[in-house]
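*Asks:* Per the working numbering, numbering through the sequence shown is continuous, rising by one, with the last residue being 401. Note that beta-carbon positions come from the ideal geometry of N, C-alpha and C, so glycine has one too. Note that the structure is predicted; figures quoted are calculated from it, not measured.
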Amino acid sequence: MWGDFPQRLCQQTGCSGLVYDRLGYGQSDADVSQRSVHYLHEAALGELPQVIRHYIGERDYVVIGHSDGGSIALMHAAAQPRGLRGVVTAAAHVFVEDMTLAGIRRAQAAYAKGKLNKLRAFHEDKTDALFCAWADIWLSAPFRHWNIEYLLAAISCPLLVTQGVDDQYGSRKQVDAIVSQSQGPAAALMLEDCAHAPHHEQGEQLTEHVVRFLVDIAE
Numbered sequence: 183m184w185g186d187f188p189q190r191l192c193q194q195t196g197c198s199g200l201v202y203d204r205l206g207y208g209q210s211d212a213d214v215s216q217r218s219v220h221y222l223h224e225a226a227l228g229e230l231p232q233v234i235r236h237y238i239g240e241r242d243y244v245v246i247g248h249s250d251g252g253s254i255a256l257m258h259a260a261a262q263p264r265g266l267r268g269v270v271t272a273a274a275h276v277f278v279e280d281m282t283l284a285g286i287r288r289a290q291a292a293y294a295k296g297k298l299n300k301l302r303a304f305h306e307d308k309t310d311a312l313f314c315a316w317a318d319i320w321l322s323a324p325f326r327h328w329n330i331e332y333l334l335a336a337i338s339c340p341l342l343v344t345q346g347v348d349d350q351y352g353s354r355k356q357v358d359a360i361v362s363q364s365q366g367p368a369a370a371l372m373l374e375d376c377a378h379a380p381h382h383e384q385g386e387q388l389t390e391h392v393v394r395f396l397v398d399i400a401e
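1. What does Ile246 pair with, by DSSP beta-bridge criteria?
2. Using a Cβ distance threshold of 8 Å, determine whether the segment 368–382 contacts the segment 183–191, with at least three qualifying pairs required.
3. Let's test the definition: count the other Cβ atoms within 10 Å of the Cβ of Cys339 and tell me whether it reaches 16, buried, or not, exposed.
4. For the alpha helix (DSSP H) containing Val201, list its first residue and its last residue.
5. Using CA coordinates, which residue listed in Leu222, Cys197 and Thr195 is at the minimum distance from Leu205?
6. By the three-class DSSP mapping on this structure, what secondary structure does Met183 have?
7. Applying the criterion that 16 or more other CB atoms from any shown protein chain within 10 Å of the CB defines a buried residue, is Ala289 buried or exposed?
8. Which runs of the beta strand (DSSP E), 3 residues or longer, sit entirely within the segment 302–381?
9. Determine the direct distance from the alpha carbon of Ala274 to that of Leu191, and round the result to whole angstroms.
10. Here's a check: name, in chain order, each residue in its chain whose Cβ is nearer than 7 Å to the Cβ of Gly252, leaving out the five neighbours to either side.
11. Report all residues from its chain with a CB closer than 7 Å to the CB of Tyr237; omit the five preceding and five following residues, and keep chain order.
12. Short check: CB of Tyr293 to CB of Phe325, under 8 Å?
13. Taking the alpha helix (DSSP H) that Gly285 falls in, what are its first and last residues?
14. Tell me where the alpha helix (DSSP H) around Gly385 begins and ends.
What follows is the structure, given as structure tokens:
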């Protein structure tokens, strides 16, 4: 679902890259477990470190995450893993807003009408289960209190925090919270004419800023 963004980023920086589908997504196996309120923590502290150990080993690395992946990247950074040089987030959440829930309800309605069938090209026969698991947990009563701001003070690596001005799932408050509460150097980037998918909607501009960020932290 990243499109050609990773390839362009690698070409412009000369860095190698690793793109992976989380369990239940894309080409990965189906996730048959019941999604819990802690599913993002489980991905950040369990699945992601396993992927890094297996494919990256002891090399330095940067994590780039979109939406849930951005939140996972922040939680991973809060654990201060060895080798992590920086994090880039796109449309990450650190708490639940009313507009988040409203956006998900609109997505549910669109999905029921078949307007999101393009997702099947990425997730194939896992699409229905994946979409329902995502929407159901976010709209559940326990998840209304989900908040990871308490972890931000543990983040010391450089951050580039990006979001579309027109993101239907979160406001500028998400970006401001991340930038103001993390302890390392953190920069905010709000992208005009952009909703929830900066890598698709403003791909060139996002690539330019991420390349600059990577060059800066490499110096």
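*Replies:* With the given structure in hand:
1. Sequence index remark: in the sequence shown, residue 246 carries index 64 (1-based). Its beta-bridge partners are Val270.
2. Contact between the segment 368–382 and the segment 183–191 is present: three or more C-beta pairs spanning the two stretches fall below 8 Å.
3. Looking up residue 339 in the sequence shown gives position 157. Residue burial annotation: Cys339 is buried, with at least 16 other C-beta atoms found within 10 angstroms of its C-beta.
4. Against the sequence shown, residue 201 aligns to sequence position 19. Here Val201 belongs to no alpha helix (DSSP H), and DSSP marks it neither H nor E.
5. As a working note, residue 205 is residue 23 in the sequence shown. Among Leu222, Cys197 and Thr195, the Cα nearest to that of Leu205 belongs to Leu222.
6. As a position in the sequence shown, residue 183 is number 1, starting the count at 1. Three-state result, Met183: coil.
7. Indexing the sequence shown from 1 puts residue 289 at position 107. Buried is the call here.
8. With a minimum length of 3 residues, the continuous beta strand (DSSP E) runs that stay inside the segment 302–381 are 341–346 and 368–373.
9. The residue given as residue 191 occupies position 9 in the sequence shown. The residue given as residue 274 occupies position 92 in the sequence shown. Near 20 Å, if we compare the C-alpha coordinates of Ala274 and Leu191.
10. As a first step, residue 252 is located in the sequence shown; it is residue number 70 there, counting from the start. Within the same chain, Gly252 has close Cβ partners Thr271, Ala272, Ala273 and Ala274.
11. For this step, residue 237 is matched to residue 55 along the sequence shown. If we look at Tyr237 and ignore the five residues flanking it on each side, its Cβ neighbours are Leu200.
12. Counting from 1 along the sequence shown, the entry for residue 293 is found at position 111. Counting from 1 along the sequence shown, the entry for residue 325 is found at position 143. The Cβ-Cβ distance between Tyr293 and Phe325 does not fall below 8 Å.
13. As a first step, residue 285 is located in the sequence shown; it is residue number 103 there, counting from the start. Asp280 to Ala294 is the extent of the alpha helix (DSSP H) around Gly285.
14. The residue labelled residue 385 in the question sits at position 203 within the sequence shown. Membership of Gly385 in the alpha helix (DSSP H) is indicated by the continuous run Gly385 to Ala400.
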